[in-house]
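Asker: All the letters of the sequence shown, read from the start, carry residue numbers 306 to 590 under my numbering.
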Amino acid sequence: MTVILDGKNLAKKIRKDIKEEVALLKEKTGKNPGLAIVLVGEDPASKIYVNSKIKGCKEIGMESFENFLPKDVTEEKLLEIIEKLNKDERVNGILVQLPLPSHIDEKKIIAAIALEKDVDGFKPDNLGLLFLNDKKSLHSCTPAGIMRLLDEYNIDLKGLDAVIVGRSNIVGKPLAGLFINRSATVTICNSHTKNLKEQTKNADVVVMAVGKEKLLTEDMVKEGAVIVDVGINRTNAGVVGDVDFENVAPKAKYITPVPGGVGPMTVAMLFHNTLKAFKNVNNIE
């Protein structure tokens, strides 16, 4: 029988646990974890995303520091704001909503964020620490959410053959490091991979993170595989993933739905990282 990896309900549980821990830490230290959110421009999707983060902070009991900037803000001005947030002791995490306008160098902005406040886990330093299995490093939220979801269902990666389809700096590459740290044998595929089916059909675990509607079909997976779908594709029929869920699910032992799988976990892990950053700087285990 196929088990659906329910990220929606697990994310609610994580946020509830974080809320309780934040309340205890405030009582113990007199301080709240703080998340600074930087939004440049008026992109509707980005505004919805940012507002959900602000609402989440309030629900959990974290402080939020909003920085809404016009789309023509200069790179220099944005760097000044980042530096100010780096120095602000009330701020434990800095989230710069991407994408940024074309006149701003995203890499330069991410590089300017203090390592200990990089709650998105995008800095090269944090990616390097991830591969070194550093326990205090901050991991990219989507890969971290996937690992937490697998742990919740007691899925042990040790010795398993895992195929990750997608090599982005945000998902594919950091997830490969996390899988390696759990003693999985990892293959990373991309749009240039020859005969993708040959790679996926023998894998114990398949992670799809390319943004191509229903790319993984029933004939591309083996019986009893673990299927993780990171894709979010908007269609006339609604939001669908990179996996042909209806036909793949009966063959899988575990599978994530879209929506309700990885997505909610990504947001929950942002709050988890902010709490972790607070504990790191205050030397709290």
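No residue lacks a Cβ here, since even glycine has one placed at the ideal position from N, Cα and C.
Would you mind reading off the limits of the beta strand (DSSP E) that contains residue 513?
Answerer: 510-513 is the span of the beta strand (DSSP E), which, as asked, contains residue 513.
Asker: Identify, in the order they occur along the chain, each residue of the same chain with its Cβ nearer than 6 angstroms to the Cβ of residue 457, setting aside the five sequence neighbours on each side.
Answerer: Around residue 457: 315.
Asker: Residue 490: which of 586, 341, 465, 549 sits nearest, CA to CA?
Answerer: Taking only the C-alpha atoms, the option nearest residue 490 is 465.
Asker: Cβ of residue 400 within 8 angstroms of Cβ of residue 345?
Answerer: Contact: no.
Asker: Over the uninterrupted alpha helix (DSSP H) stretch that includes residue 579, give me the two end residues.
Answerer: Start and end: 567-586.
Asker: Can you name, in chain order, every residue of its own chain whose Cβ lies under 6 angstroms from the Cβ of residue 573, other than the five neighbours on each side?
Answerer: 316, 319, 320, listed in sequence order.
Asker: Just the Cα atoms here: how many angstroms apart are residue 501 and residue 586?
Answerer: Each residue's alpha carbon lies about 44 angstroms from the other.
Asker: Could you give the DSSP three-state label for residue 559: helix, strand or coil?
Answerer: DSSP places residue 559 in strand when its eight states are reduced to three.
Asker: Just to confirm my understanding: we take residue 472, look at its own chain, exclude 5 residues before and 5 after, and list those with CB closer than 7 angstroms. What are they?
Answerer: If we look at residue 472 and ignore the five residues flanking it on each side, its Cβ neighbours are 478, 493, 495.
Asker: Taking the alpha carbon of residue 535 as the reference point, which residue from 447, 507, 426, 524 has its own alpha carbon closest?
Answerer: If we check each option's Cα against that of residue 535, 447 comes out closest.
Asker: Buried or exposed: which applies to residue 438, given that a residue is buried once 16 or more other Cβ atoms fall within 10 Å of its Cβ?
Answerer: Classification of residue 438: exposed, given that the 10 Å Cβ count is below 16.
Asker: At what residue ranges does the region 473-553 contain a whole run of the alpha helix (DSSP H), taking only runs of 4 or more?
Answerer: Complete alpha helix (DSSP H) runs here, min 4: 477-486, 501-505, 550-553.
Asker: Would you check if the distance between the CB atom of residue 372 and the CB atom of residue 343 is smaller than 8 angstroms?
Answerer: Yes; because the gap between Cβ atoms is below 8 angstroms, this pair is in contact.
Asker: Let me know if residue 482 comes out buried or exposed under the rule of 16 or more other beta-carbons within 10 Å of its beta-carbon.
Answerer: Label assigned to residue 482: buried.
Asker: Determine whether the beta carbon atoms of residue 549 and residue 522 lie at a separation below 8 angstroms.
Answerer: Yes.
Asker: Quick check on this structure: which residue in 578, 309, 386 has the alpha carbon closest to the alpha carbon of residue 417?
Answerer: Among 578, 309, 386, the Cα nearest to that of residue 417 belongs to 386.
Asker: Per DSSP, which residues does residue 373 bridge with? Please list them.
Answerer: The partner list for residue 373 (beta bridge, DSSP) reads 344.
Asker: At 4 residues or longer, what runs of the alpha helix (DSSP H) sit wholly inside the region 350-434?
Answerer: The region 350-434 contains these whole alpha helix (DSSP H) runs: 380-392, 411-417.
Asker: By the DSSP assignment, the beta strand (DSSP E) with residue 322 in it spans what residues?
Answerer: No beta strand (DSSP E) holds residue 322; the alpha helix (DSSP H) holding it covers 312-334.
Asker: Can you say whether residue 487 is buried or exposed, counting buried as having 16 or more other CB atoms within 10 angstroms of its CB?
Answerer: Under this definition residue 487 is a buried residue.
Asker: What is the residue span of the alpha helix (DSSP H) that residue 456 lies within?
Answerer: Note, residue 456: alpha helix (DSSP H), 446-457.
Asker: Roughly how many whole angstroms lie between the Cα atoms of residue 528 and residue 424?
Answerer: Using only the alpha carbons, I get a separation of about 37 angstroms.
Asker: For the beta strand (DSSP E) containing residue 466, list its first residue and its last residue.
Answerer: Looking at the DSSP string, the run of the beta strand (DSSP E) that includes residue 466 is 466-470.
Asker: For residue 576 and residue 510, what's the separation of their Cα atoms in angstroms?
Answerer: About 27 angstroms.
Asker: Using the beta-carbon count (16 or more within 10 Å), is residue 579 buried or exposed?
Answerer: The residue is buried, with at least 16 neighbouring Cβ atoms inside 10 Å.
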